[in-house]
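Quick note on numbering: numbering that gives the first Met the number 0 labels position 50 of the sequence shown as 49, and the sequence is numbered without any gaps.
Glycine included, C-beta positions come from ideal geometry on N, C-alpha and C.
The model shown is predicted, which means the values in this text are computed figures rather than measured ones.
Worksheet for the structure shown next.
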Amino acid sequence: MAVSKAIMNGDWEKLDDLLSPDFTYDGDGMHLNRDEYFGFMQDLYLAMHDMNMEFPQVVAEGEFVSIRFVNPMKNMGSFMGSPATKKTIISEGIFIRQIRNGKVIKENQTTDLIGIMTQMGFGALMGYSIAIGLLKIKSKPSVRKTVEEMRKLNFSMKKNVITFF
């Protein structure tokens with residue numbers, strides 16, 4: 000849960016400490032390396048405000064931790080091809096993290112994307128989902144931003160709605 004809390008708080012240095020150098024992510028049709036995961040989560044952080052993730056179920060066995068999450072958040076920036084809606088949405092799903100020597104080495108995730116699309120509006124998100132899932136088009140991975148770049152983007156976010164992807 001420390002990984003999720005670091006992301007919600009925009010604590011990229013903490014996230015850096017928690018993830019193994021060879022960390023990989025597989026979820027919702029994406030296969031990301033460590034830097035791509037950072038970039039994707041930074042884009043999420045900038046687009047979705049007031050994240051307050053809850054963890055109703057947590058199961059651990061050996062190296063694996065499975066967590067069901069419920070994450071209310073307000074969509075204030077473009078994300079995954081969809082413009083900002085300024086709506087509060089609730090994202091739900093499950094992730095399984097593999098931990099070795101105190102570092103997360105792998106995350107598998109599934110999210111209720113239909114639920115998110117319904118809340119945000121089907122438009123661009125549906126197109127994105129079709130392109131990624133059915134047509135097997137590989138989207139351009141997110142780019143990891145430095146802590147300083149995130150500070151600047153977060154500051155400008157308070158003045159304007161910004162766009163990613």
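ask   = Which one of Glu91, Thr109, Ser77 has the shortest CA to CA distance from Lys85?
value = For the purposes of this step, residue 85 is taken as the residue at position 86 of the sequence shown. Closest by C-alpha distance to Lys85, out of Glu91, Thr109, Ser77, is Ser77.
key: Contacts around Met50, its chain only, beta-carbon distance under 7 Å, and the 5 residues preceding and following it disregarded   = Here residue 50 corresponds to residue number 51 of the sequence shown, with the count starting at 1. Spatial neighbours of Met50 in its own chain (CB-CB distance under 7 Å, excluding positions within 5 residues in sequence) are listed in chain order as Met7, Asn70, Met72.
query = Using DSSP with H/G/I as helix, E/B as strand and the rest coil, what is Ala83?
reply = Position 84 of the sequence shown, counted from the first residue, corresponds to residue 83. Under the three-state reduction of DSSP output, Ala83 falls in the coil class, being neither helix nor strand.
query = Between the Cα of Arg199 and the Cα atoms of Asp34, Lys144, Phe68, Leu43, which residue gives the shortest distance?
reply = Nothing can be reported for residue 199: it is not among the residues displayed for the chain, which extend from 0 to 164.
query = Does DSSP classify Val103 as helix, strand or coil?
reply = Counting from 1 along the sequence shown, the entry for residue 103 is found at position 104. DSSP places Val103 in strand when its eight states are reduced to three.
inquiry  = Assuming contact is defined by CB atoms lying nearer than 8 Å, are Phe37 and Lys105 in contact in what I supplied?
reply    = Taking the sequence shown and counting its residues from 1, one reaches residue 37 at position 38. Taking the sequence shown and counting its residues from 1, one reaches residue 105 at position 106. It is not a contact, given that the beta carbons lie outside the stated cut-off.
inquiry  = Among the candidates Gly9, His30, Asp25, Asp34, whose CA atom is the shortest distance from the CA of Leu18?
reply    = Walking along the sequence shown from the start, residue 18 turns up at place 19. Residue Asp34 is the option with its Cα nearest to Leu18.
query = If you draw a straight line from the C-alpha of Gly120 to the C-alpha of Ser81, how long is it?
reply = To locate residue 120, count along the sequence shown from 1; it is residue 121. To locate residue 81, count along the sequence shown from 1; it is residue 82. Distance between the alpha carbons of Gly120 and Ser81: 9 Å.
message = Here's the rule: buried if 16 or more other CB atoms are within 10 angstroms of the residue's CB, otherwise exposed. What is Lys157?
response = Locating residue 157 in the sequence shown gives position 158, where the first residue counts as 1. Model confidence at Lys157 stands at a pLDDT of 47, short of 50, so the residue's coordinates are unreliable; what they give is reported in the following sentence. Counting every other CB atom within 10 Å of its CB across the protein chains shown gives Lys157 a total below 16, marking it as exposed.
inquiry  = As a quick exercise: from Glu147, Thr110, Arg99, pick the residue whose alpha carbon is nearest that of Ser90.
reply    = As a position in the sequence shown, residue 90 is number 91, starting the count at 1. Cα-wise, what sits closest to Ser90 is Thr110.
ask   = Given a threshold of 16 other Cβ atoms within 10 Å of its Cβ, counted over all protein chains shown, does Asn74 qualify as buried or as exposed?
value = By 1-based counting over the sequence shown, the position of residue 74 is 75. By the neighbour-count rule (16 or more Cβ atoms within 10 Å), Asn74 is buried.
message = Which of the three DSSP states is assigned to Arg143 in this structure?
response = For the purposes of this step, residue 143 is identified with residue 144 of the sequence shown, where counting begins at 1. Coil, per DSSP.
query = Met116 and Phe54: beta carbons closer than 8 Å?
reply = Along the sequence shown, read from residue 1 onward, the residue named residue 116 stands at position 117. Along the sequence shown, read from residue 1 onward, the residue named residue 54 stands at position 55. No; because the gap between Cβ atoms is not below 8 Å, this pair is not in contact.
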